[in-house]
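*Asks:* Throughout, our numbering is defined as the position within the sequence shown, counted from one, plus 10. Input: one structure, supplied below.
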Amino acid sequence: MTPLIRNRLIGCVLALAIFAVDQWTKWAVTVPLGINEIGKAQEILPFFDLRFTRNFGVSLGMFEANSPEMRWMLVLVTGLIALVVTVWMMREKLMGDILALALILGGALGNIKDRYELGYVVDFADLHFGEWRPFLIFNVADAAITIGVLIVLARAFFMREKEAEEITITQAPGAAENS
């Protein structure tokens with residue numbers, strides 16, 4: 011197995027692991043713990059509660075699906091985005107990029123499954139500081155997507171800087187003589 015195929019396989023395994031952990035945590039919160047109705051909550055730590063909510067929209071509750079047509083439109087659009095991310099991941103060569111895209115893909119698949127089966131995404135993680143709640147209630151899939159996007163952005167920014175430095179160095183007068 012070539013290193014490139016191995017890296018892409020690792021990316022696929024990570025995406026499936028994120029999907030599985032996301033689905034398992036949603037099940038664990040809603041079934042055994044019984045936190046499955048709006049308003050139900052359980053304090054875990056002074057700054058972290060399990061608090062059930064239904065997200066009918068996408069990121070930050072935008073594009074809320076108020077009708078069956080909108081629900082299926084969101085399933086279709088997010089499915090297409092997941093397909094694009096999959097193709098992108100399979101074209102990448104660098105492990106860091108593959109892993110970041112795998113986080114996004116695994117999270118997207120978890121939320122797509124919820125929206126397909128339930129009509130909404132189950133969110134339950136409530137991170138707060140006293141009464142101040144700087145984050146919306148989220149789930150493992152949301153966290154994976156956010157972390158993946160931040161890594162993609164950071165790598166794009168820093169990799170461009172590094173590539174620009176390498177081009178400048180190789181184009182500098184006398185660069186060929188020093189090689």
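Glycine is no exception: its CB is placed at the ideal position from the N, C-alpha and C atoms. A quick note: this is a predicted structure, and the numbers were derived from the prediction, not measured.
Assuming Val23 is part of the alpha helix (DSSP H), what are its boundary residues?
*Replies:* Pro13 to Thr40
*Asks:* Hey, could you find the ends of the beta strand (DSSP E) Glu53 is sitting in?
*Replies:* For Glu53, the uninterrupted beta strand (DSSP E) segment begins and ends at Ala51 to Leu55.
*Asks:* If I follow the unbroken alpha helix (DSSP H) through Arg125, where does it start and stop?
*Replies:* Met105 to Leu128
*Asks:* Quick one: what's got a C-beta closer than 7 Å to Leu109's C-beta in the same chain, skipping five residues either side?
*Replies:* Gly21 and Leu24
*Asks:* Mapping DSSP to helix, strand and coil, what is Val68?
*Replies:* Val68: coil per DSSP, three-state reduction.
*Asks:* Note the first and the last residue of the continuous alpha helix (DSSP H) segment covering Ala92.
*Replies:* Pro78 to Arg101
*Asks:* Can you grab the Cα-Cα spacing for the pair Leu14 / Lys103, in whole Å?
*Replies:* 6 Å
*Asks:* What's the C-alpha gap between Leu111 and Pro56?
*Replies:* Taking the CA atoms as reference points, Leu111 sits about 33 Å from Pro56.
*Asks:* Which of helix, strand or coil does DSSP assign to Phe139?
*Replies:* strand
*Asks:* Residues in its own chain within less than 7 Å of Ala92 by CB, not counting five upstream and five downstream?
*Replies:* Leu115, Ala118, Leu119 and Ile122
*Asks:* Specify the secondary structure class of Leu62 as computed by DSSP and reduced to three states.
*Replies:* Looking at the sequence shown, residue 62 is not Leu but Phe. Note: Phe62 maps to strand in three-state DSSP.
*Asks:* Just how far apart, CA to CA, sit Asp124 and Val159?
*Replies:* 21 Å
*Asks:* Ordered along the chain, which non-local residues of its own chain (more than five positions away) have a Cβ less than 6 Å from that of Lys36?
*Replies:* Closer than 6 Å at Cβ, skipping near neighbours: Val132.
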